[in-house]
Amino acid sequence: VDARAVAPTLEFSGSTWIWTGEQNGAANDGAPVGVRPFRKAIPSSSTKCPVCATISISSDDLYSIVVNGNLIGAGNGYRNSAVYTAGLEPEGHNVFAIAVNNIGGAAGLIATILVDYSDGTTQIIVTDTTWKTIKATPPGGWTSPSFDDSAWIASSSEGPTANTPWGMPPLPP
Numbered sequence: 001v002d003a004r005a006v007a008p009t010l011e012f013s014g015s016t017w018i019w020t021g022e023q024n025g026a027a028n029d030g031a032p033v034g035v036r037p038f039r040k041a042i043p044s045s046s047t048k049c050p051v052c053a054t055i056s057i058s059s060d061d062l063y064s065i066v067v068n069g070n071l072i073g074a075g076n077g078y079r080n081s082a083v084y085t086a087g088l089e090p091e092g093h094n095v096f097a098i099a100v101n102n103i104g105g106a107a108g109l110i111a112t113i114l115v116d117y118s119d120g121t122t123q124i125i126v127t128d129t130t131w132k133t134i135k136a137t138p139p140g141g142w143t144s145p146s147f148d149d150s151a152w153i154a155s156s157s158e159g160p161t162a163n164t165p166w167g168m169p170p171l172p173p
């Protein structure tokens with residue numbers, strides 16, 4: 001496996017701000033206060049072996065990101081974005097689990113994930129409506145790759161990035 005000396009800069013241009021679809025009354029009243037979970041799985045493949053992932057992330061308000069049950073990082077505020085790197089299970093099911101805590105007003109999550117494979121190829125994963133969520137506090141064990149999220153719903157797009165309350169988050173230095 002070839003190593004990369006410097007993590008790539010991952011832009012948010014292909015990603016959309018997502019949420020659970022919940023609103024407090026009128027559209028401008030924001031989302032309910034509380035923690036909401038978001039999950040994205042990369043199924044195992046017989047032809048590709050994932051090695052690592054580089055994740056650019058921002059949220060409104062607080063987030064924590066877990067990859068395969070391991071806490072990778074946490075941050076706050078849509079004006080702050082961060083980049084994390086995580087090892088992946090080469091022969092298993094890989095899951096990105098992000099908890100976002102809305103402390104009031106609008107709420108959203110945006111991320112771009114670059115997955116590196118052992119054959120030198122890469123895959124970009126963006127936040128969009130393929131991410132799973134629930135309109136409730138995260139249940140126990142939800143960050144585990146073996147957690148059954150089949151009853152979860154598709155996340156809701158908060159609209160084109162430039163038209164959201166947050167716009168395009170700044171990239172970290």
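In full-length UniProt numbering, the protein residues as written are 1 to 173. Using N, Cα and C, we set each Cβ at its ideal position, and we do this for glycine too. All values derive from a computational prediction rather than experimental measurement.
| said: Short of 6 Å in beta carbon distance, which residues of its chain neighbour G105, apart from the five on each side in sequence? Order them along the chain. | reply: Same-chain partners within the cutoff: G30.
| request: Could you pull out every residue in the same chain whose Cβ sits closer than 7 Å to the Cβ of S37, ignoring the five residues on either side in sequence? | output: The sequence as given places Pro at residue 37; Ser does not occur at that position. Cβ neighbours of P37 beyond the five flanking positions: A97, A99, T133, I134, P138 and W142.
| When you compare only the Cα positions, how much space is there between residue 188 and R39? | Not covered by the structure: residue 188. The range shown for the chain is 1 to 173.
| field | D116 versus S155, T54, I65 and I72, residue with shortest Cα-Cα distance | value | T54
| said: Measuring straight from C-alpha to C-alpha, what distance separates L109 and D119? | reply: 31 Å
| Per the contact definition of three or more C-beta pairs closer than 8 Å, is the segment 76-83 in contact with the segment 46-61? | With the cut-off at 8 Å, the segment 46-61 and the segment 76-83 touch.
| task | Starting from T137, trace the beta strand (DSSP E) both ways and give me its first and last residue. | result | Taken as a continuous stretch (DSSP letters only), T137 belongs to no beta strand (DSSP E), as it is neither H nor E.
| query | Once you ignore the five residues that flank T20 on each side, which residues in its own chain have a CB closer than 6 Å to its CB? | reply | R36, T133 and K135
| Spatial distance of I113 from N24 (CA atoms) | 30 Å
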